Amino acid sequence: MTWTKRYDQFATSCKLRQSSEKLERYILRRAKKGQVCEIEIDLREFNREIARDRTDRMIVKRQKRHSPNWMKKPKG
């Protein structure tokens, strides 16, 4: 299947994150056109595909919060 403007409008109306839109596009690319089928998704492959341009703010916040220097008090 192909991604259309209708899907963009749906994603916008549901306020999906950019990463959720990319997952939906990834699934649609692997679906067979005109057939109902079950798709088993390997999320490791998907994560590698989007890793270079992922800018999910929640992930960035979690990484900063869990960094080793987050709890240390500044010297001085």
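Start counting the sequence shown at 0; every next residue gets the next number (numbering that gives the first Met the number 0).
Glycine included, C-beta positions come from ideal geometry on N, C-alpha and C.
Computed from a prediction, not measured in an experiment: that's the story for all the values here.
- Taking a cut-off of 8 Å for Cβ pairs, the stretch 14-25 and the stretch 41-51 touch, as three or more such pairs fall below it.
- The criterion of a C-beta distance shorter than 9 Å is not satisfied by Ile38 and Arg47.
- Cα atoms of Lys32 and Ile26: separation of roughly 12 Å, rounded to the nearest angstrom.
- Annotation: Ser12 to Lys4 spans about 12 Å, alpha carbon to alpha carbon.
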